[in-house]
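Below is one structure, written out as structure tokens; comments come after it.
So this is what it looks like as structure tokens:
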């Protein structure tokens with residue numbers, strides 16, 4: 253339970269996510285991402301198995317090259333000096349964060365809004381990069397556009413003004429029908445949630461681990477912060493509901509409630525009341541603190557993935573290597589079997605960065621073994637984890653002739669049906685659309701001369717069921733029909749976008765499911781049913797990713813990756829290594 257409490261408070265979040273597939277060859281992937289060969293590190297003692305093997309088996313096998321898996325592998329390799337092997341079924345690394353080239357454009361498949369990466373306190377993703385000596389240049393910016401129904405249009409300005417008030421106050425004055433009430437409630441909200449932020453700014457990701465021994469590392473180095481944490485209501489692990497609906501704080505202004513619901517929905521796919529209080533608190537603080545800003549990796553998400561991949565040698569990451577099963581002997585994970593029948597053995601265990609529900613198939617052979625009670629227990633726990641809904645994407649390449657990019661924002665939130673209303677309305681299907689235009693501020697991105705690329709997506713509320721059992725013709729027709737809302741959102745930014753369009757790609761829940769092995773195209777696990785940490789009832793098997801607290805978001809999965817990696821060394825070794 254302590255692990256869960258701390259993980260939540262260290263939650264620093266990416267605001268968007270998703271996936272779209274391209275058909276580039278593996279050789280293009282190799283050219284796009286730099287793979288740097290470095291000597292394998294010697295192994296050290298592990299919490300799970302003392303490594304006495306003299307063969308070339310890796311100490312730990314990592315399933316999946318998503319951000320969580322890559323962070324785990326880098327921490328194991330660079331900090332704990334263990335040998336690793338990352339196995340990825342796709343031909344590009346990065347999972348939902350990878351970038352793919354089409355006709356001269358390199359589109360972002362997933363997250364394009366990040367915060368807390370360019371300045372202290374740094375989120376777990378940046379912490380991994382720093383401790384492993386991996387460099388990413390960050391571009392900071394301080395506003396994004398908001399477009400509502402009708403003529404509603406305004407810019408969200410981050411940070412504080414000369415009077416040390418949140419710049420958001422001026423937006424409240426313009427938008428709310430009760431500005432005095434809304435500003436008071438917003439100021440009180442920031443004050444009430446501030447205690448949730450303090451431990452998160454004091455406890456580094458490297459202090460955590462995916463087992464109960466986390467208490468010892470915290471007591472050894474972060475005693476004061478631990479006691480601050482334990483004094484919080486419900487130790488900070490609960491939802492934001494008490495800060496929206498009492499008893500800690502109540503937000504009554506309709507406009508402010510709607511904005512908080514929309515902000516929360518972009519984090520978790522849920523309304524504010526159901527989003528973790530620590531997540532909401534951190535984001536509100538980071539957006540509205542002095543010099544508050546958003547961050548973007550120069551060169552795109554590719555540069556972020558490339559940095560993490562560069563921390564591994566050529567022999568430590570294998571693409572197009574689909575894992576068919578996790579091999580369990582005597583209730584211990586000892587390796588994997590690939591789809592082609594190849595068996596790979598690990599000296600100490602396996603970290604699984606695949607979606608939780610994939611474990612049903614990965615552990616199916618072991619489930620039939622009556623001696624593997626731990627497997628049955630784990631699979632029973634997975635059955636209680638609920639999936640969020642999926643995504644709908646539209647990637648377009650446009651002719652930019654005559655477009656004044658200086659008048660455009662790098663990001664927009666578009667409310668197709670309006671922003672103000674109850675939670676069900678604000679978070680309803682195809683209402684809140686994110687539009688990304690990152691080439692607005694990064695001229696190092698791969699875009700043909702005189703062109704721009706845009707990415708519109710509906711965040712985590714696309715029903716999978718409507719896409720099932722369709723013929724090819726029905727599927728293509730449904731994509732066109734459903735993408736009309738995304739086109740409408742883009743046209744609010746560039747009115748003649750369709751006439752300018754040279755490349756159009758529509759991604760559906762089936763796209764997520766097929767190419768990223770996302771069951772039913774899910775965005776991730778619902779907050780209420782996330783695993784508390786990555787420990788399992790199977791010895792040597794540790795989990796990371798968006799099914800583990802703190803859940804969805806790049807920094808969140810990075811944190812779960814760090815926790816998983818730290819669990820493969822003893823507490824004393826972990827304390828020595830950071």
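In the working numbering, the protein residues as written are 253 to 830.
In this text, a Cβ means the ideal position worked out from N, Cα and C, and glycines have one as well.
Quick caveat: nothing in here was measured; it's all calculated off a predicted structure.
{"query": "Cutting at 7 angstroms between CB atoms, please list the residues of its own chain near residue 388, excluding the five before and the five after it.", "result": "381, 549, 555, 556, 559"}
{"query": "What's the call for residue 446, buried or exposed, on a 16-neighbour Cβ count within 10 Å?", "result": "exposed"}
{"query": "Got a sec? Which residues, its chain only, sit under 7 angstroms from residue 573 by beta carbon, not counting five neighbours each side?", "result": "339, 340, 341, 590"}
{"query": "Please classify residue 700: does DSSP put it in a helix, a strand, or coil?", "result": "coil"}
{"query": "Can you check whether the CB of residue 375 is closer than 8 angstroms to the CB of residue 807?", "result": "yes"}
{"query": "Are the beta-carbon atoms belonging to residue 795 and residue 816 less than 8 angstroms from one another?", "result": "yes"}
{"query": "Restricting to Cα atoms, I'd like to know which of 644, 740, 630, 629 is closest to residue 361.", "result": "644"}
{"query": "Hey, residue 561 and residue 322 are a contact pair by Cβ (cut 8 angstroms); roughly how many whole angstroms apart?", "result": "7 angstroms"}
{"query": "Please return the same chain residues whose Cβ sits closer than 7 angstroms to the Cβ of residue 413, not counting the five positions on each side in sequence.", "result": "419"}
{"query": "According to the neighbour-count rule (16 or more other Cβ atoms, all chains shown, within 10 Å of its Cβ), is residue 821 buried or exposed?", "result": "buried"}
{"query": "Within the continuous beta strand (DSSP E) that includes residue 663, where are the two ends?", "result": "663-667"}
{"query": "Any contact of the region 605-614 with the region 313-322, i.e. 3+ C-beta pairs under 8 angstroms?", "result": "yes"}
{"query": "Between which two residues does the beta strand (DSSP E) harbouring residue 430 extend?", "result": "No beta strand (DSSP E) holds residue 430; DSSP gives it neither H nor E."}
{"query": "For residue 830 versus residue 383, is the C-beta distance shorter than 8 angstroms?", "result": "yes"}
{"query": "Leaving out five residues on either side along the sequence, give the residues of the same chain with a beta carbon under 7 angstroms from the beta carbon of residue 490.", "result": "529"}
{"query": "Sorted by chain position, which residues of the same chain lie with C-beta nearer than 7 angstroms to residue 501's C-beta, five sequence neighbours on each side aside?", "result": "440, 441, 444, 495"}
{"query": "Go ahead and label residue 824 buried or exposed: buried means 16 or more other beta carbons lie within 10 angstroms of its beta carbon, across all protein chains shown.", "result": "exposed"}
{"query": "Taking just the CA atoms, how far does residue 385 sit from residue 729?", "result": "48 angstroms"}
{"query": "Taking only the alpha-carbon atoms, compute the straight-line gap between residue 826 and residue 499 and give it to the nearest angstrom.", "result": "40 angstroms"}
{"query": "The beta strand (DSSP E) spanning residue 378 covers which residue range?", "result": "From DSSP, residue 378 is part of no beta strand (DSSP E) but of the alpha helix (DSSP H) over 376-383."}
{"query": "Nearest to residue 599 by CA position, among 793, 802, 364, is which residue?", "result": "793"}
{"query": "So the candidates are 609, 668, 770; which of them puts its Cα closest to the Cα of residue 514?", "result": "668"}
{"query": "Please list the terminal residues of the continuous alpha helix (DSSP H) segment that includes residue 518.", "result": "506-520"}
{"query": "Have a look at residue 703 and residue 541 and give me their C-alpha separation to the nearest angstrom.", "result": "35 angstroms"}
{"query": "In the structure shown, what three-state DSSP assignment does residue 828 receive?", "result": "helix"}
{"query": "Tell me the DSSP secondary structure of residue 365 in three-state form.", "result": "coil"}
{"query": "Helix, strand or coil, according to DSSP, for residue 756 in the structure here?", "result": "strand"}
{"query": "Would you check if the region 778-793 and the region 427-441 touch, i.e. whether three or more CB-CB distances between them fall below 8 angstroms?", "result": "no"}
{"query": "Mind checking whether residue 525 and residue 493 have CB atoms under 8 angstroms apart?", "result": "yes"}
{"query": "If you run the structure through DSSP and keep just helix, strand and coil, what is residue 501?", "result": "coil"}
{"query": "Just verifying my parser: in three-state terms, what is the DSSP assignment at residue 653?", "result": "coil"}
{"query": "Are the beta-carbon atoms belonging to residue 647 and residue 707 less than 8 angstroms from one another?", "result": "yes"}
{"query": "Note down, in chain order, each residue of its chain lying with its Cβ closer than 8 angstroms to the Cβ of residue 814, except the 5 sequence neighbours on either side.", "result": "323, 324, 327, 376, 379, 380, 457, 458, 460"}
{"query": "Three or more beta-carbon pairs under 8 angstroms between the region 657-668 and the region 679-686, yes or no?", "result": "yes"}
{"query": "For residue 748, does the count of other Cβ atoms within 10 angstroms reach 16, so buried, or fall short, so exposed?", "result": "exposed"}
{"query": "How close, in whole Å, do the beta carbons of residue 527 and residue 789 come, if the pair is a contact with beta carbons under 8 angstroms?", "result": "Actually they are not in contact, since the Cβ atoms of residue 527 and residue 789 sit about 29 angstroms apart, beyond 8 angstroms."}
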